[in-house]
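K.L.:
Chains as they are written, first to last, in this note's numbering: chain A, 1 to 310; chain B, 311 to 635; chain C, 636 to 1089.
Here you go:
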């Protein structure tokens, strides 16, 4: 009995030893020499493989970063500046300053603003709906509300609000990777600068129809009247194809356009409540709790402005 | 005027539905159900009711309280599972064992995979096999049809296996068994749904006419069983039973017509269905003649269920315009 | 045993409500709207300006590229607008609006009542004439007819004429065959001359016995033309299916019908070609079947191109109270229209109204993997699989599983017991995969060219 046990133990130990020796030599022979920094960088990245950086997944970015001589312009849109600084440290390089960005939804066509004129009864997918029909309202440009952006988001940062039927971006979760922008067949979503203290102003409409047509379809449509463009002191607003667009690199967040828009098509977010009647111009540079990147951005804005004046 | 409806083509539908198919299966099982009640009396009725009701209730409870999704009990799929599970049980099985079977069938076999159409293995067979390995004594004491005293006895397949094992020849054992005609009409011991071959064949005809299933799976299973057992029988008629015996006994017909053809767990293409049918036929006869259990239908179906995704991957339909290689 | 195609197919309820109703001529409306894009390919280029006076049959927009078609005025009057309108899909398209003033025809059109039997033009002239007259495939695909006829001599062995009309409800081709048999047969002769082929088969499904008998009798005096009765099965009118049914040859994946020596044209196209080549009449009107259960009098009309669909429906006894969906074309492959102001165009083979109850799809449930879509698919595909792959955006897998072979016939959707929108997803995936395949082919071509240069 005891003999059997001993023999078994001995045989198993011998097999184990033999296997260990073989494995050791094989691993020596077929060793893959890899930059250890790739693994380190990869572990810092979110691992969502969203493709927002332009490389095939997080490992792709890590490899590209390790190989690149100049890492400016490369980086993970889903990671914070601190993470990018850490990665730069691993590589022994300087991280380029990144202006934080976020996805914004350029449509205010809620169920109230934009009445349904048709009943869509096909598969609940924006890609399918838009390939077959312009939409189930009078507006052939706006959000369809079937949530292709929600499916595309790897960070759970965008949801369809059941009351309005429009997508809502979660500021805390959005990494501005751009997956929703690519998923939206109507190009409703745009990646814009997050703005100082998350304050942003943008035109919530992309309807290129003539004013009257657009207005008939949706009460919050941009009618291309150009009032905002005239009002804007910084030349940030252009009107093209009957729709206004605010250049976020020029916008100074004065909010004059928001107040003046006759259809309330311009959205503002995260501003302190307005003091009636005059709109307050916030000066983020002077506020103490502003994030580190805000002054930089403001400085950039200023230089651009100077350039324009020249 | 209300809004016009827009949708991509096509704009008409066959009016076929999950319900139509599921209730079609139930209708096809009715002759066999009537036969089982006729042969086994109230015991059968009790097993049937318990099994069907518990399957439906368990599906309802899981969807309502665990998954929190709309319930789908009205589509009839849970009732079909309950009915087929009952058909695989002996009529004197205690109620609590049936309920355990239903929990395993619906809870583990169906709901854990995502409900209707998502399951890997046939839920009813999973429940049955679970009971068979957990409660072998209760699951293999078969009441003899028509016996008023509730006496139990083995199935013809069980008798055959015992006999062969103790060294008797087939012709010796056959004398003690019901005749082929009796087996066709249901004069033999067995679980509820196995006993009346003719009723199952009527159900098969109904399923074919209503186009609920195609002929591929049942016919290939039975043909494979007949050919394989026929070869064995020709090799040594005293050691191996005849093809007809194999087809008429045990769950061969019930399995081939109603259990192997379960939509979710059978292959999608005719070619795949034939591969699947041959697999089930071969494994069944292998288990019956060389394995430890007298009956191998359930195990054969389970094994081929698991192979179905692989079959689907390799057995593609004949594409239009494809040149035969 | 009647012939039919070999794989899959379904048997939808026929519902040929307007069968046997004689074709009526619809009065000319007071205004027509003629879209510049009534065909597959680039929109035509307008050659008239606002304020111009045009005659019936006058060219008003010119084909813009190889796959494009001329557009002619269907009425006489004054061009009032050239502007955007909302088309049946809800998108904006450009159209020429003409206010009608009398009905004065372009003098080049031969309006004499007799049938002209002698074909005087040469094959090349015929093809050019067909292009000039703006003839497109009348079955609904609206592929410019000239393109299909531009084949090398001897390449085509058989001309197949599609008289199948396998779509439920529609009866336009059926009625045309019964009423205009001689014209159609001369049209086929014209096509045979253009293609330099001596054999033509007219495929007709067996539910149109009167058309089969009528054309068979007439065809006896037209050597080379035969009528082939076919077993009733959808989608027999699919080009590849019809070739399979009539000749037993299957066109390979990704290949054109000419690869098996066949050219397919529709009955309506054959008739339009007769008028264009023999009578010099451009494609300015067509037979439209207006049908549906809510209508009082489902009818077959000859309608001028550009007539609003609302006017056409009104002619059947008024717009019904209960309708939930208006379809341009048949119920299997037609498109639901977003509004009734859209005009009849060259490809409008039917206008189908559905009651509110008929309009809605059933509730979608889980796929039960019943494999009915696999047995219904006429292309031998696995709709359950490619639809799922497309839903999950797995384009490579879609391509491997031949999503590009799908003919979008809708048999899978029709047959699905779970009411799953299989074709919706497959159509999306097909478009995506074909885009990827084209891009790859273009890249390969560019690479080969640059390699040649070096």
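Glycine residues also receive a C-beta, built at the ideal position from the N, C-alpha and C atoms. This structure is a prediction, so every number in the text was calculated from the model and none was measured.
1. Between which residues of its own chain and residue 364 of chain B is the CB-CB distance below 6 Å, once the five residues before and five after are set aside?
2. Exposed or buried, which one is residue 376 of chain B when buried takes at least 16 other CB atoms within 10 Å?
3. Quick check on DSSP: helix, strand or coil for residue 1004 of chain C?
4. For the structure I just gave you, are there three or more beta carbon pairs, one from the segment 413-426 of chain B and one from the segment 376-390 of chain B, closer than 8 Å?
5. Roughly how many whole angstroms lie between the Cα atoms of residue 206 of chain A and residue 1059 of chain C?
6. If you draw a straight line from the C-alpha of residue 833 of chain C to the C-alpha of residue 784 of chain C, how long is it?
7. Out of curiosity, what's the CA-to-CA distance linking residue 390 of chain B and residue 660 of chain C?
8. Does the Cβ of residue 283 of chain A have 16 or more other Cβ atoms within 10 Å, making it buried, or fewer, making it exposed?
9. Excluding the five sequence neighbours on either side, which residues of its own chain have a C-beta within less than 6 Å of the C-beta of residue 185 of chain A, listed in chain order?
10. Does residue 1050 of chain C get closer than 7 Å to chain B when you measure Cβ to Cβ?
11. List the endpoints of the continuous alpha helix (DSSP H) containing residue 332 of chain B.
12. Along chain A, which residues have their Cβ under 7 Å away from the Cβ of residue 1056 of chain C?
13. Say whether chain C places a C-beta atom closer than 7 Å to the C-beta of residue 133 of chain A.
14. Are the C-beta of residue 283 of chain A and some C-beta of chain C separated by less than 7 Å?
15. Residue ranges of each alpha helix (DSSP H) run of no fewer than 4 residues wholly in the segment 9-39 of chain A, ordered along the chain?
16. In whole angstroms, what is the alpha-carbon distance linking residue 1061 of chain C and residue 1022 of chain C?
17. On a Cα-Cα basis, can you pick out the residue from A:47, A:203, A:67 that is closest to residue 58 of chain A?
18. Closer than 7 Å by C-beta to residue 758 of chain C: which residues in its own chain qualify, once you throw out the five before and the five after it? Chain order, please.
19. Apart from the five residues on each side of it in sequence, which residues of its chain come closer than 8 Å, Cβ to Cβ, to residue 1034 of chain C?
20. For residue 271 of chain A, which three-state DSSP category applies?
21. Please tell me whether residue 130 of chain A has its Cβ less than 7 Å away from any Cβ of chain C.
22. Here's the rule I'm using: 16 or more other beta-carbon atoms within 10 Å means buried, otherwise exposed. How should residue 968 of chain C be labelled?
23. Within 7 Å of any Cβ in chain C, is that where the Cβ of residue 629 of chain B sits?
24. For the alpha helix (DSSP H) containing residue 582 of chain B, name the first residue and the last one.
25. At the 7 Å Cβ level, is residue 594 of chain C part of the contact set with chain A, yes or no?
26. Are any of the Cβ atoms in chain A nearer than 7 Å to that of residue 317 of chain B?
27. Could you please give me the residues that DSSP links to residue 864 of chain C through a beta bridge?
28. Tell me, to the nearest whole angstrom, how far the beta carbon of residue 166 of chain A is from that of residue 107 of chain A; I am working on the premise that it is less than 8 Å.
29. Note down, one range per segment and in chain order, each alpha helix (DSSP H) of at least 4 residues found wholly within the segment 79-143 of chain A.
30. Just the Cα atoms here: how many angstroms apart are residue 326 of chain B and residue 372 of chain B?
31. Any beta carbon from chain C within less than 7 Å of residue 501 of chain B's own beta carbon?
32. Identify which residue in C:948, C:921, C:939, C:910 has its Cα closest to the Cα of residue 927 of chain C.
33. Express the C-alpha separation of residue 328 of chain B and residue 336 of chain B in angstroms, rounding to a whole number.
34. When burial is assigned at 16 or more other CB atoms within 10 Å of the CB, is residue 913 of chain C buried or exposed?
35. In its own chain, which residues sit with a C-beta less than 6 Å from the C-beta of residue 353 of chain B, not counting the 5 before and 5 after it?
36. Quick check on DSSP: helix, strand or coil for residue 189 of chain A?
P.N.:
With the structure as the only source:
1. Here residue 364 of chain B corresponds to residue number 54 of the second chain, with the count starting at 1. Result list for residue 364 of chain B: 409, 412, in chain order.
2. As a position in the second chain, residue 376 of chain B is number 66, starting the count at 1. Exposed, because fewer than 16 other Cβ atoms sit within 10 Å of the Cβ of residue 376 of chain B.
3. As a first step, residue 1004 of chain C must be located in the third chain, where it is residue number 369. Coil.
4. A contact between stretches requires three or more CB pairs, one per stretch, nearer than 8 Å, and the segment 413-426 of chain B meets this requirement with the segment 376-390 of chain B.
5. Taking the first chain and counting its residues from 1, one reaches residue 206 of chain A at position 206. Taking the third chain and counting its residues from 1, one reaches residue 1059 of chain C at position 424. So the two alpha carbons sit approximately 27 Å from each other.
6. One-based indexing of the third chain puts residue 833 of chain C at position 198. One-based indexing of the third chain puts residue 784 of chain C at position 149. One C-alpha to the other measures close to 15 Å.
7. Counted from its first residue, the second chain places residue 390 of chain B at position 80. Counted from its first residue, the third chain places residue 660 of chain C at position 25. Residue 660 of chain C has its alpha-carbon roughly 57 Å from the corresponding atom of residue 390 of chain B.
8. Walking along the first chain from the start, residue 283 of chain A turns up at place 283. Note that residue 283 of chain A has pLDDT 46, beneath the 50 cutoff, so the model's placement of it is unreliable and the number below is only indicative. With fewer than 16 other Cβ atoms within 10 Å, it is exposed.
9. Stepping through the first chain from its first residue, residue 185 of chain A is reached at position 185. Cβ neighbours of residue 185 of chain A beyond the five flanking positions: 126, 127, 130.
10. Reading the third chain from its first residue, position 415 is the one you call residue 1050 of chain C. So, interface residue.
11. Along the second chain, read from residue 1 onward, the residue named residue 332 of chain B stands at position 22. Under the DSSP assignment, residue 332 of chain B falls in the alpha helix (DSSP H) whose first and last residues are 328-350.
12. For the purposes of this step, residue 1056 of chain C is taken as the residue at position 421 of the third chain. Taking a Cβ-Cβ cut-off of 7 Å, the neighbours of residue 1056 of chain C in chain A comprise 122, 123, given in sequence order.
13. Within the first chain, the letter at position 133 stands for residue 133 of chain A. Cβ-Cβ to chain C under 7 Å: yes for residue 133 of chain A.
14. Your numbering for residue 283 of chain A matches position 283 in the first chain. Below a pLDDT of 50, predicted positions are generally treated as unreliable, and residue 283 of chain A, at 46, falls in that range; the measurement from the model is reported next regardless. Answer no: the Cβ-Cβ gap between residue 283 of chain A and chain C never drops below 7 Å.
15. Within the segment 9-39 of chain A, no complete alpha helix (DSSP H) run reaches 4 residues.
16. For the purposes of this step, residue 1061 of chain C is identified with residue 426 of the third chain, where counting begins at 1. For the purposes of this step, residue 1022 of chain C is identified with residue 387 of the third chain, where counting begins at 1. Approximately 5 Å, taken between the alpha carbons.
17. Sequence index remark: in the first chain, residue 58 of chain A carries index 58 (1-based). Answer by Cα proximity: A:47.
18. Here residue 758 of chain C corresponds to residue number 123 of the third chain, with the count starting at 1. Excluding sequence neighbours, residue 758 of chain C sits near 828, 829, 831.
19. Reading the third chain from its first residue, position 399 is the one you call residue 1034 of chain C. So the qualifying residues of the chain are 1068, 1071, 1072.
20. Position 271 of the first chain, counting from 1, holds the residue named residue 271 of chain A. Here DSSP, grouped into helix, strand and coil, assigns residue 271 of chain A to coil.
21. Within the first chain, the letter at position 130 stands for residue 130 of chain A. By this cut-off, residue 130 of chain A is not an interface position.
22. Stepping through the third chain from its first residue, residue 968 of chain C is reached at position 333. With at least 16 other beta carbons inside 10 angstroms of its own, residue 968 of chain C counts as buried.
23. Residue mapping note: residue 629 of chain B aligns to position 319 of the second chain, counting from 1. It does: the Cβ of residue 629 of chain B has a partner Cβ on chain C nearer than 7 Å.
24. By one-based count along the second chain, residue 582 of chain B stands at place 272. Taken as a continuous stretch (DSSP letters only), the alpha helix (DSSP H) holding residue 582 of chain B covers 580-600.
25. Chain C is shown from 636 up to 1089; residue 594 of chain C falls before or after that span and cannot be answered.
26. Here residue 317 of chain B refers to the residue found at position 7 when the second chain is read from its first residue. Yes, contact with chain A.
27. In the third chain, counting from the first residue as 1, residue 864 of chain C sits at position 229. The partner list for residue 864 of chain C (beta bridge, DSSP) reads C:839.
28. Counted from its first residue, the first chain places residue 166 of chain A at position 166. Counted from its first residue, the first chain places residue 107 of chain A at position 107. About 6 Å separates the two Cβ atoms, so the contact holds.
29. 81-91, 126-132, all fully within the segment 79-143 of chain A.
30. Counted from its first residue, the second chain places residue 326 of chain B at position 16. Counted from its first residue, the second chain places residue 372 of chain B at position 62. Whole-angstrom Cα-Cα distance: 27 Å.
31. Reading the second chain from its first residue, position 191 is the one you call residue 501 of chain B. Closer than 7 Å: no.
32. Position 292 of the third chain, counted from the start, is the residue given in the question as residue 927 of chain C. Residue 927 of chain C has its Cα closest to that of C:948, out of C:948, C:921, C:939, C:910.
33. Position 26 of the second chain holds residue 336 of chain B. Position 18 of the second chain holds residue 328 of chain B. Their Cα atoms are separated by approximately 12 Å.
34. The sequence position of residue 913 of chain C within the third chain is 278, counting from 1. Classification of residue 913 of chain C: buried, given that the 10 Å Cβ count is 16 or more.
35. As a first step, residue 353 of chain B must be located in the second chain, where it is residue number 43. Excluding residues within five positions, the ones whose Cβ falls inside 6 Å are 401, 402.
36. Reading the first chain from its first residue, position 189 is the one you call residue 189 of chain A. Here residue 189 of chain A sits in strand by DSSP.
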